[in-house]
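For reference, the structure is listed below as structure tokens.
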Amino acid sequence: MLGIRQADAGMPDTGIYFQWGDFLIQFGNLVVIATMVVLFILALVLPFPGRRSRK
Amino acid sequence: MSKSLASTSWRARNDIASRPWPGTTREYDLFKELVVGLVVVGLLVLGLSAVFSSPDEPTVTLKSWAVADPADFVATATTELGGTSGTAGYGPPYNSTPDATQKFGPIDLQSLSGVRLPIDTANDFVIGPLQTLPTPPAAIDEWTKASDAQHTAWTTAYGDALSKAPDNDPAKVPSGDYGPVPALTGALLAMAQQGTLDPVLSAKGSFYNADYKASILFLGDGSYFPGLADAQHLTGDQWGMMNETGNYPGQSWLWLFSALYQLEPFKSSPSADVLVVFSMVILTLLLTLVPFIPGLRSLPRRIPLHRLIWRDYYKHR
Amino acid sequence: MTVHRGPVPTADDGEPRFSTWTGKARGWALRRLPPDKLLPEDQPSYVSSWIYVFGMGAVAAFAYILGSGAVLALNGPTWFHASAFGRFINSTHLWSVELFFMFMVIHLWGKFWMAAWRGGRVLTWITGMLAFVVSIVTAFTGYLLQTNFDSQWIAFQAKDALNAVGVGAWFNVADLGQILMWHITLLPLAVAAIVALHVVLVRMHGVVPPLEAAASDAQLRSTAPNPATESEDTK
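Now the structure itself:
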């Protein structure tokens, strides 16, 4: 279950959080981790440029 | 050579992985890679900094706490006087409260250091600071002359009365046998609200200070400071270890450390911290020593992502 | 003392023979890591994937961490609250750290799936892991130095784990002076030293060949004699 919790506190800008059961992740961390996974997959899939091999 | 399983052992043998590569090569300019890396990463750093800046929520002070939530401040000061606060019951390295330490089976590492950063909450957080006032309240005398049992009786009675009062407001507490406690906590509240408690508590009458443990511990014993942290999702049961204020990414690399605090048996254990730290040490050692661990080190062969990485090589066999 | 002049004495195989500790050390270093191995112009043909750039990406990010960190250190830990330029430098410090960890972790994932510890490269793997762990401790001390609400709360929370294992008395997270020294001297030196050792080990052993590389592969068969590699058949 995806739920966005915008906390209400004395401090401004309390951030966006995503929660699935016990699992809670902050927006910034989610972006960083998702970016890492995407970069990893792209690194495996995208062709690497460069000259062909030589002896 | 038959098609035997490719070895994932760490050992240097007389095989292809262990010898200098005798086959075909390609031009690969490491310095050019470094310079391109510096340019790309530099642009990323400058761009992200310019667009997103960095978080900087202002500090909480004893003054801001005493002004924003005086009832919580007085209730906390009462527990510091009575020796019932979190810090007073912490154990080493702050004090020698019995049975307070976290244990891993029979191992009690918390007691190893002994009381190296001693804190007597009644004297260090309340009585001592009040004595620095130009005219210390007369209630100090009454407090210091009374027995420990009397101290406990007064602070327990006042603590109970505070918790039952409307809004926990010290002004709405019915009269009772609280001894000098209301005068002491009231004087400390006034001191904090004027902003004079902050320097006194951290610098302990000296000019310089770099150690803020007294102020941090006093703040943490209340509900105001932890409440603010809770609103920012920074507490341990909110995966707070990896979180930053606002939407900024925090220490996401602590995800596993944070995750363990959400799981049983750690979650409800009174020794959660020591159990989590031990587990993290073991898991980190496992990853560090993975080349020596049969089974674990064969994962790259069983889940052959390497065929993607080296697909050019395997294509031209 | 006699001073030897003329050609350096050599052993039967033409290798220079050293008599001093200094010379022996140089000989050892040159044998283990000759200049063309330290700074090669080419790599084996299998080094052909984007996954190989993330180690260098982490090194580049580390350079920016050190640079921005030096500016922050020279101005003191509370400078960035008041100065707009300080805030910007603080931001570059934060984002270079985020990128450093992202690249380092992707690098680690890549090397795991390559089983890059094969063929005597186990110390390279271990130093890489050590760099990761020490970087985590360094970053943690940096978070304690922000002198803002976040660092206050981290100091309050983190003391429990450190006290529970008995080190909190010596590693006092609420002591700004102590943590500042750890963060700006000892820990960055440790990370830099471990990363340097890691890079030297990579150059010494070369990039690990594919998991299923076999002597019958086209890239290994029919290779013309290559004097650069032929002569150094270590066992």
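Protein chains in written order, with our numbering: chain A, -5 to 49; chain B, 357 to 673; chain C, 102 to 336. Glycine included, C-beta positions come from ideal geometry on N, C-alpha and C.
Among the CB atoms of chain A, one or more fall inside 9 Å of the CB of C:M203. For B:T508, there is no enclosing beta strand (DSSP E); the residue is part of the alpha helix (DSSP H) that begins and ends at 504 to 520. Short of 8 Å from the beta carbon of B:Y670, and not among the five residues preceding or following it, lie these beta carbons of its own chain, in chain order: R663.
DSSP, reduced to helix, strand and coil, places B:D371 outside both helices and strands of the structure shown, so it counts as coil. Between B:P526 and B:G542, the C-beta gap is smaller than 9 Å, which places the two residues in contact.
Distance check between A:G15 and each of B:L610, B:S635, B:W595 places B:W595 closest, using alpha-carbon atoms only.
One Cα belongs to C:G187, the other to B:E413, and the distance between them is close to 15 Å. The closest CA to that of B:D476, considering only B:G403, B:A570, B:T417, B:Y580, is found on B:A570. Shortest Cα-Cα distance from B:I665 to any of C:S120, C:R118, C:G177, C:Y153 involves C:Y153.
Classified as buried, B:W499 has 16 or more neighbouring CB atoms from the shown chains inside 10 Å of its CB. Chain-order list of chain C residues neighbouring A:V26: E199, F202, M203, by C-beta distance under 9 Å. DSSP places C:E199 inside the alpha helix (DSSP H), whose first and last residues are 185 to 214.
Here the alpha carbon of C:D143 sits roughly 48 Å from the alpha carbon of C:W271.
In this structure, B:G439 keeps its C-beta atom at 9 Å or more from the C-beta atom of B:L573.
Taking 8 Å as the upper bound for CB-CB distance, B:Q588 and B:M598 are not in contact here, some 13 Å apart. Out of C:M215, C:Q258, C:A161, the CA that lies nearest to the CA of B:P582 is found in C:Q258. Under the three-state reduction of DSSP output, C:E313 falls in the coil class, being neither helix nor strand. Taking C-beta atoms as the reference points, B:S405 and C:L195 count as a pair closer than 9 Å. Bounds of the alpha helix (DSSP H) holding C:Q253 are 250 to 265. In the pairwise beta carbon analysis, the stretch 307 to 323 of chain C is classified as not touching the stretch 249 to 269 of chain C: fewer than three pairs are separated by under 8 Å.
For the pair C:M157 and B:G393, the CB atoms are nearer than the 9 Å cut-off. Under the Cβ distance rule, C:S149 counts among the residues neighbouring chain B, one pair being separated by less than 9 Å. Secondary structure note for B:R382: its beta strand (DSSP E) is the uninterrupted segment 381 to 383.
Beta-bridge analysis with DSSP links A:W14 to A:F17. Taking the CA atoms as reference points, B:L553 sits about 34 Å from B:P605. About 7 Å separates the CB atoms of C:R219 and B:S365; that is less than 8 Å, so the two are in contact. Boundaries around B:Q549 are those of the alpha helix (DSSP H), 537 to 550, since no beta strand (DSSP E) includes it. At a Cβ-Cβ threshold of 9 Å, B:L465 and C:V266 count as neighbours. No Cβ of chain A is located within less than 9 Å of the beta carbon of C:Y244.
Excluding five sequence positions before and after B:T512, the CB atoms of its chain that fall closer than 7 Å to its own CB belong to G438, given in chain order. By the rule that beta-carbons nearer than 9 Å mark a contact, B:S363 touches chain C.
According to the DSSP assignment, C:P145 belongs to the beta strand (DSSP E) that extends over 143 to 145.
At a C-beta separation below 8 Å, C:V206 has these neighbours in chain A: M30.
Comparing alpha-carbon positions, the option among B:R375, B:D480, B:V416 lying closest to B:L584 turns out to be B:V416. DSSP places C:N176 inside the alpha helix (DSSP H), whose first and last residues are 154 to 176. One Cα belongs to B:G576, the other to C:T225, and the distance between them is close to 43 Å.
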